[in-house]
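Step one of this worksheet: look at the structure below.
In the working numbering, the protein residues as written are 1 to 140.
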């Protein structure tokens with residue numbers, strides 16, 4: 001598995017300037033994702049709760065967001081809905097990474113603007129491939 005992840009990292013070449021906002025309340029998940037995304041060359045800003053979500057977006061100006069739905073202070077679904085109501089933010093791709101495994105949760109998140117939905121635990125390789133797919137589709 002580690003060799004596969006390292007191989008993917010070597011295949012990715014142009015992600016140095018790409019900014020990813022990670023919103024994840026669980027400390028270990030946040031550190032693992034943040035460290036791995038940084039290792040892959042992304043500029044990562046992480047939040048443990050949603051209260052600073054919009055101010056961080058304005059300051060950091062992410063190219064993509066990874067969002068957990070179960071946050072201690074705000075519902076991730078409501079963040080998705082609010083993002084879609086702001087035209088300058090609705091263009092930013094959002095990938096949901098959640099422990100909510102029910103199909104109804106996935107359908108709701110996708111209907112509120114999420115581009116992809118991963119259920120935890122996730123395969124980092126698959127996440128990186130989706131992130132790169134999003135970036136490459138935006139630059140065609």
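Even for Gly, the Cβ is constructed at its ideal location relative to N, Cα and C.
Source: prediction; values computed, not measured.
Touching by the beta-carbon criterion (3+ pairs, under 8 Å), the segment 58-66 and the segment 80-94
Judged by Cβ distances under 8 Å, the segment 58-66 makes contact with the segment 80-94, as three or more pairs qualify.
To the nearest angstrom, how far is it from the Cα of residue 134 to the Cα of residue 99?
For residue 134 and residue 99, the distance between alpha carbons rounds to 22 Å.
Where the beta strand (DSSP E) through residue 64 begins and ends
Boundaries of the beta strand (DSSP E) around residue 64: 64-67.
Status (buried if at least 16 other CB within 10 Å, exposed otherwise) for residue 101
Exposed is the call here.
Cut-off 8 Å between Cβ atoms - residues of its own chain near residue 38, not counting five sequence neighbours on either side
So the list reads 44, once near-sequence residues are dropped.
Tell me, to the nearest whole angstrom, how far the beta carbon of residue 112 is from that of residue 71; I am working on the premise that it is less than 8 Å.
At roughly 15 Å, the Cβ-Cβ gap does not stay under 8 Å, so residue 112 and residue 71 are not in contact.
Taking Cβ to Cβ, would you say residue 127 is nearer than 8 Å to residue 96?
Taking 8 Å as the Cβ cut-off, residue 127 and residue 96 do not qualify as a contacting pair.
Per DSSP, cross-strand counterpart(s) of residue 95:
Answer is 66, 116, bridged to residue 95.
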